[in-house]
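Chemist: My structure is below; once you've seen it, I'll send some questions.
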Amino acid sequence: MAFAASQIVRGFSSSAVRNVVIKNVTIIGGGQMGAGIAQVAASTGHSVTLVDTSDDILKKSIKLIEGSLKRVAKKKFSDKPEAGEEFIKKIVQKVSTSTDAESAVQGSDLVVEAIVENLKIKQDLFSRLDKLAPSHTIFASNTSSLSICDIASSTNRQDRFGGLHFFNPVAMMKLVEVIGTPATSQDTLDSLLNFSKVLGKTPVSCKDTSGFIVNRLLVPCMMEAIRLYERGDASKEDIDIGMKLGAGYPMGPFELADYVGLDIVKAVIEAFKTKDPKNPLFDSSDLLNKLVAEGKLGIKTGEGFYKHK
């Protein structure tokens, strides 16, 4: 009986999502990922509000978007610079900024969170926003390692909550992982899949499992490469060359780790370990921990496994 009642309640609440076209998108987090998502959403005609904690951060976010668009315009309008400038201006005008997340979500059809990989911070954010967002608004997290179920548990719209995992750089990477929990309604999943397609991306569906598809396979591979190097079995340079030429990887595992950020790799593997502590694939690395402790996080700090100019 309890099951039947819960299904009825879920049916009523999820009906608010049906036939809703996502036009207004709020993105929480103005870092590289948030700015990238804002760019592709604005480029496909959506009205975007990009939210972060300060105007200084948001100014940098807009500069990131403009810089990315300039590269697109240079290729697309190589012989028409004025058309390229108009192209950039038109897209940037679709992006407004705000330091007030609570106000920003009140007119939103979709809220995408792209903040720090910390469960409590994400839960606190969505708990606040849940009280103010319209009933039809879909919530989505761009988390790469945390459970969508755990994040959604802080809200009263678990049927309208899913994962939208983009890849960096968002403007170039075609894949989006769309994650559903046992509580996510089919209407919500359909809306997220359709939204991804409108952005020009190729969506793949996955259940709410550690790392979803890509990171569940990729991060343990990166960790095994680090252990191979730690044992002295091969140099990091030869491991990278081996995986590029032997497996067709565009970047070797150490190059990729530096690109992603060693702090992110560490956070992801630790999240996996929390969920499955007996799995040796999720064991940590003394070398990785040391580099992160020293602030050598990869490209963003100028040094990780490699030194970067």
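Using the working numbering, the first residue of the sequence shown is number -16, and each one after it goes up by one. All C-beta atoms, glycine included, are put in the ideal place defined by N, C-alpha and C.
Helix, strand or coil, according to DSSP, for Ala230 in the structure here?
Modeler: Translated into positions along the sequence shown, residue 230 becomes position 247. Note: Ala230 maps to helix in three-state DSSP.
Chemist: Kindly give me the distance between the Cβ atoms of Lys57 and Gly67, rounded to whole angstroms, as I take these residues to be in contact under 8 Å.
Modeler: Residue 57 sits at position 74 when you count from the first residue of the sequence shown. Residue 67 sits at position 84 when you count from the first residue of the sequence shown. That pair is a contact at about 7 Å.
Chemist: For Ser127, is the classification buried or exposed, using 16 other Cβ atoms within 10 angstroms of its Cβ as the cut-off for buried?
Modeler: In the sequence shown, the residue the question calls residue 127 occupies position 144. Under this definition Ser127 is a buried residue.
Chemist: Which of the three DSSP states is assigned to Lys184 in this structure?
Modeler: Residue 184 sits at position 201 when you count from the first residue of the sequence shown. DSSP places Lys184 in coil when its eight states are reduced to three.
Chemist: Among Gln22, Tyr232, Pro165, Pro117, whose alpha-carbon lies nearest the alpha-carbon of Leu201?
Modeler: As a working note, residue 201 is residue 218 in the sequence shown. It is Tyr232.
Chemist: Can you tell me which residues form a DSSP beta bridge with Ser81?
Modeler: Taking the sequence shown and counting its residues from 1, one reaches residue 81 at position 98. Ser81 is bridged to Val34.
Chemist: Check each candidate in Met155, Lys105, Lys114, His29 and name the one with the smallest Cα separation from Leu93.
Modeler: Position 110 of the sequence shown holds residue 93. Ranking the options by Cα distance to Leu93, first place goes to His29.
Chemist: Within the continuous beta strand (DSSP E) that includes Glu96, where are the two ends?
Modeler: The residue you call residue 96 lines up with position 113 of the sequence shown. Looking at the DSSP string, the run of the beta strand (DSSP E) that includes Glu96 is 93 to 96.
Chemist: Indicate whether the contact test is met: 3 or more Cβ pairs, each with one atom in the region 214 to 222 and one in the region 278 to 285, closer than 8 Å.
Modeler: As far as the Cβ criterion goes, the region 214 to 222 does not touch the region 278 to 285, which means the pair count is below three.
Chemist: Would you kindly report the start and end of the unbroken beta strand (DSSP E) that includes Gly163?
Modeler: Indexing the sequence shown from 1 puts residue 163 at position 180. First-last of the beta strand (DSSP E) with Gly163: 158 to 163.
Chemist: Report yes if the C-beta distance between Pro165 and Gly19 is below 8 Å; otherwise report no.
Modeler: In the sequence shown, the residue the question calls residue 165 occupies position 182. In the sequence shown, the residue the question calls residue 19 occupies position 36. No, they are not a contact pair.
Chemist: For Val248, report the span of its alpha helix (DSSP H) as first-last.
Modeler: For this step, residue 248 is matched to residue 265 along the sequence shown. Taken as a continuous stretch (DSSP letters only), the alpha helix (DSSP H) holding Val248 covers 245 to 258.
Chemist: Answer yes if the region 32 to 41 comes into contact with the region 110 to 127, meaning at least three C-beta pairs across the two stretches below 8 Å, and no otherwise.
Modeler: Contact between the region 110 to 127 and the region 32 to 41 is absent, because fewer than three Cβ pairs lie under 8 Å.
Chemist: Going straight from the alpha carbon of Pro236 to that of Phe70, what length do you get?
Modeler: Walking along the sequence shown from the start, residue 236 turns up at place 253. Walking along the sequence shown from the start, residue 70 turns up at place 87. One C-alpha to the other measures close to 36 Å.
Chemist: Identify the residues that DSSP records as bridge partners of His148: which are they?
Modeler: Translated into the one-based positions of the sequence shown, residue 148 becomes position 165. Note: His148 sits in a beta bridge opposite Glu160.
Chemist: Determine the burial state of Gln22: buried for a count of at least 16 other Cβ atoms within 10 Å of its Cβ, exposed for fewer.
Modeler: Stepping through the sequence shown from its first residue, residue 22 is reached at position 39. Counting Cβ neighbours within 10 Å, Gln22 comes out buried, since at least 16 surround it.
Chemist: Kindly examine the ligand PLP and report whether one of its heavy atoms sits closer than 7 Å to the Cβ of Leu147.
Modeler: This structure lacks the ligand PLP; in fact it carries no ligand of any kind.
Chemist: Find the nearest neighbour of Ala240 within the set Lys258, Arg140, Pro260, Cys204, judged by alpha-carbon distance.
Modeler: Here residue 240 refers to the residue found at position 257 of the sequence shown. If we check each option's Cα against that of Ala240, Cys204 comes out closest.
Chemist: Is it true that the CB of Val187 sits closer than 8 Å to the CB of Glu160?
Modeler: For this step, residue 160 is matched to residue 177 along the sequence shown. For this step, residue 187 is matched to residue 204 along the sequence shown. Yes, these two residues count as a Cβ contact at 8 Å.
Chemist: Going by DSSP, name the residue or residues bridged to Gly281.
Modeler: Your numbering for residue 281 matches position 298 in the sequence shown. For Gly281, which the question treats as bridged, DSSP gives the partners Glu286.
Chemist: Give every residue of the same chain whose Cβ lies closer than 8 Å to the Cβ of Asp62, excluding the five residues on either side of it in the sequence, and list them in chain order.
Modeler: Working through the sequence shown from its first residue, we reach residue 62 at position 79. Here the set comprises nothing.
Chemist: Which residues in the same chain have their Cβ closer than 6 Å to the Cβ of Gln141, if we skip the five residues on either side of it in sequence?
Modeler: What you label residue 141 is simply residue 158 of the sequence shown in a count that begins at 1. So the list reads Ala135, Ala166, once near-sequence residues are dropped.
Chemist: Where does Arg143 land, buried or exposed, given buried means 16+ other C-beta within 10 angstroms?
Modeler: Start at 1 with the first residue of the sequence shown, and residue 143 comes out as number 160. Its Cβ being crowded by 16 or more others within 10 Å, Arg143 is buried.
Chemist: Would DSSP call Ala21 helix, strand or coil?
Modeler: Along the sequence shown, read from residue 1 onward, the residue named residue 21 stands at position 38. Helix, per DSSP.
Chemist: Quick one: residues in its chain with C-beta nearer than 8 Å to the C-beta of Gln(-10), no 5 flanking neighbours on either side, listed in chain order?
Modeler: The residue labelled residue -10 in the question sits at position 7 within the sequence shown. Because the pLDDT of Gln(-10) is 40, which lies under 50, any placement of that residue in the model is unreliable, and the number read from its coordinates should be weighed accordingly. There are no such residues.
Chemist: Terminal residues of the continuous beta strand (DSSP E) containing Ala123?
Modeler: The residue given as residue 123 occupies position 140 in the sequence shown. Here the beta strand (DSSP E) through Ala123 covers 121 to 124.
Chemist: Return the first residue and the last residue of the beta strand (DSSP E) that Val99 is part of.
Modeler: Here residue 99 refers to the residue found at position 116 when the sequence shown is read from its first residue. Segment: none, Val99 is in no beta strand (DSSP E) and carries neither H nor E.
Chemist: Report all residues from its chain with a CB closer than 8 Å to the CB of Ser91; omit the five preceding and five following residues, and keep chain order.
Modeler: By 1-based counting over the sequence shown, the position of residue 91 is 108. Cβ within range, chain order: Asn7, Val8, Thr9, Thr32, Ala116, Pro117, Thr120.
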